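Engineer:
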Amino acid sequence: MTKLAPVRTIGIFGGGQLGLMLGDAARPLGINTVFLEDAANCPAALTGQVFTNAEFERFESSCDTFTLEFENTPLVSADRIEQKHQLFPPSKALFIAQDRLNEKNLFQELNITTVPFLAVNSLDELNNASHQLGLPLVLKTTRGGYDGKGQFVIKTTQDIETAWQELGDATNIAPLIAEGFIQFSREVSIIAVRSQSGEIRYYPLVENTHHHGILAKTVAPAPNSEHLTEQAQDNIKKLLEHLNYVGVMTLELFVTNEGLIANEIAPRVHNSGHWSIEGAVCSQFENHIRAVAGLPLGSTDIVQPSVMLNVIGQFPNPKDLLGIRGVHFHHYHKDEREGRKIGHITVMTGDDTLDEAVSQAIACLPNKLGL
Ligand code: AMP
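123 is the number that numbering that gives the first Met the number 0 gives to position 124 of the sequence shown; each next residue is one higher, with no gaps.
Have a look at this one:
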């Protein structure tokens with residue numbers, strides 16, 4: 000008897016909600032998922048066995064193929080797996096995505112328009128960067144930043160020293176990166192998936208609204224974005240091919256009058272693709288699993304326009320929320336905690352009541368994230 004899938008168990012670095020949703024997508028394909036994660040009661044524990052880092056060898060020996068849902072998976076662990084097994088995406092993608100300087104240097108090498116930037120190793124170099132790039136500028140740690148953490152917007156020359164003390168001295172993550180401040184009209188992202196045979200499929204460009212650096216809302220497809228699609232697809236294609244990438248990749252971009260400016264990549268499924276569980280023919284999670292397992296990719300076409308809202312910190316009342324037509328709720332089985340992503344909502348009505356349903360869903364959110 001031939002097997003449906005050549006891969007039976009996928010080992011996943013990380014065990015958060017992305018792992019949970021990857022596991023949920025793998026199960027119908029007859030594929031098991033196991034996770035490497037130190038928090039035993041992590042969301043992904045609902046969908047597969049969890050090994051701690053102390054159990055690395057057992058994790059390694061239980062899987063055929065490996066992938067990740069945690070962007071900061073240590074490179075040493077990824078390299079160790081790659082020596083004997085297949086890891087998709089390759090560790091080189093982690094090497095790039097874990098460091099903002101590596102990322103921006105690669106954008107430049109591939110002729111992908113990105114923000115003007117300089118590496119900053121000292122207060123003198125920061126002063127120099129403020130002259131070369133002008134103010135305002137954004138000072139960021141090159142590593143370890145997420146959801147807007149590890150960033151300082153320098154508006155005036157008086158801010159320079161404070162910014163250096165806060166990021167340079169305090170974090171000790173040298174070098175930092177200084178970026179020109181982009182006057183963007185909106186933020187978009189593109190998610191694409193590349194198979195083991197090199198086929199690439201693109202989800203539509205989506206529009207993202209952030210609140211204090213955390214994603215609040217994604218609109219799929221991004222309104223009035225047809226003229227931007229070709230550049231976004233071309234950019235992510237260059238990255239996928241250069242890295243010989245397999246699986247889902249996300250590219251976040253700023254929209255400006257001069258076109259798109261690349262901000263950062265995520266070498267994994269992404270919060271701005273959660274709408275695809277209901278809103279696309281084949282979700283980002285299923286397509287990632289398909290790519291990693293060596294299966295044919297599924298359609299990235301939209302089923303219906305949809306809007307995703309993040310649930311941060313506190314859960315809405317499910318009776319109120321689920322009474323709204325077109326609402327889907329995803330609970331990450333995490334405890335409530337300020338600032339924590341604990342669930343998301345996808346609204347999809349298939350008609351012109353979508354905006355009204357989204358407003359009603361926002362009204363149910365204890366934390367409205369400025370929406
Ligand atoms: P990041 O962690 O790089 O995605 O940054 C978090 C958020 O800060 C982005 O989604 C933007 O809203 C804003 N941001 C980051 N870099 C810049 C920049 N160079 N110019 C203007 N806004 C930025």
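Even glycine gets a Cβ: it sits at the ideal position worked out from N, Cα and C. Just so it is clear, the structure is predicted and the values come from calculations on it, not from any experiment.
Have a look at Gly322, Gln195 and Thr348 and flag the residue whose alpha-carbon is nearest the alpha-carbon of Ala362.
Structural biologist: Looking up residue 362 in the sequence shown gives position 363. The residue with the shortest Cα to Cα distance from Ala362 is Gly322.
Engineer: Between Gly179 and the ligand SAM, is the CB less than 7 Å from at least one heavy atom?
Structural biologist: By its list of ligands, the structure shown excludes the ligand SAM, since it contains just the ligand AMP.
Engineer: Of the choices Arg324, Ala173, Lys237 and Thr113, whose alpha-carbon is the least far from that of Gly258?
Structural biologist: As a first step, residue 258 is located in the sequence shown; it is residue number 259 there, counting from the start. Among Arg324, Ala173, Lys237 and Thr113, the Cα nearest to that of Gly258 belongs to Thr113.
Engineer: Using only the alpha-carbon positions, how far apart do Ile111 and Glu229 sit?
Structural biologist: As a position in the sequence shown, residue 111 is number 112, starting the count at 1. As a position in the sequence shown, residue 229 is number 230, starting the count at 1. The straight-line gap from Cα to Cα measures roughly 13 Å.
Engineer: Which same chain residues end up closer than 6 Å to Phe106 when comparing Cβ atoms and leaving out the 5 residues on each side of it in sequence?
Structural biologist: Counting from 1 along the sequence shown, the entry for residue 106 is found at position 107. Same-chain partners within the cutoff: Thr113 and Ala261.
Engineer: Can you list the beta strand (DSSP E) stretches of 3 or more residues lying completely in the stretch 297 to 362, in chain order?
Structural biologist: The stretch 297 to 362 contains these whole beta strand (DSSP E) runs: 305 to 311, 326 to 330 and 340 to 346.
Engineer: Which word fits Asn366, buried or exposed, when buried means at least 16 other C-beta atoms lie within 10 angstroms of its C-beta?
Structural biologist: Here residue 366 refers to the residue found at position 367 when the sequence shown is read from its first residue. When all chains shown are included, Asn366 counts as buried.
Engineer: Looking at the structure shown, is His211 part of a helix, part of a strand, or coil, going by DSSP?
Structural biologist: For the purposes of this step, residue 211 is taken as residue 212 along the sequence shown, with counting starting at 1. Of the three classes helix, strand and coil, the one that applies to His211 here is coil, per DSSP.
Engineer: Would you say the beta carbon of Glu263 comes nearer than 7 Å to a heavy atom of the ligand AMP?
Structural biologist: On the sequence shown, residue 263 is found 264 positions in, with the first residue counted as 1. Yes, since a heavy atom of the ligand AMP falls inside the 7 Å radius drawn around the Cβ of Glu263.
Engineer: Return helix, strand or coil for Leu294, following the three-state DSSP convention.
Structural biologist: For the purposes of this step, residue 294 is taken as residue 295 along the sequence shown, with counting starting at 1. Leu294: coil per DSSP, three-state reduction.
Engineer: Work out the CA separation of Phe50 and Phe180 for me, nearest whole Å.
Structural biologist: As a position in the sequence shown, residue 180 is number 181, starting the count at 1. As a position in the sequence shown, residue 50 is number 51, starting the count at 1. Cα to Cα, Phe180 sits roughly 42 Å from Phe50.
Engineer: Would you mind stating whether Gly246 and Val291 have Cβ atoms separated by less than 8 Å?
Structural biologist: By one-based count along the sequence shown, residue 246 stands at place 247. By one-based count along the sequence shown, residue 291 stands at place 292. In contact: Gly246 and Val291 (Cβ atoms closer than 8 Å).
Engineer: Is Glu165 a contact residue of the ligand AMP, with contact defined as CB to any heavy atom under 7 Å?
Structural biologist: Mapped onto the sequence shown, residue 165 falls at position 166. Flag unset: Cβ of Glu165 not near the ligand AMP.
Engineer: Roughly how many angstroms separate the alpha carbons of Leu100 and Leu138, rounded to a whole number?
Structural biologist: For the purposes of this step, residue 100 is identified with residue 101 of the sequence shown, where counting begins at 1. For the purposes of this step, residue 138 is identified with residue 139 of the sequence shown, where counting begins at 1. Going by the C-alpha atoms only, they are around 12 Å apart.
Engineer: Less than 8 Å separating the beta-carbons of Leu45 and Thr72?
Structural biologist: If you number the sequence shown from 1, residue 45 lands on position 46. If you number the sequence shown from 1, residue 72 lands on position 73. No, these two residues do not count as a Cβ contact at 8 Å.
Engineer: Count the other CB atoms, across all protein chains shown, that sit within 10 Å of the CB of Gln157; report buried if there are 16 or more and exposed otherwise.
Structural biologist: In the sequence shown, the residue the question calls residue 157 occupies position 158. Result: exposed.
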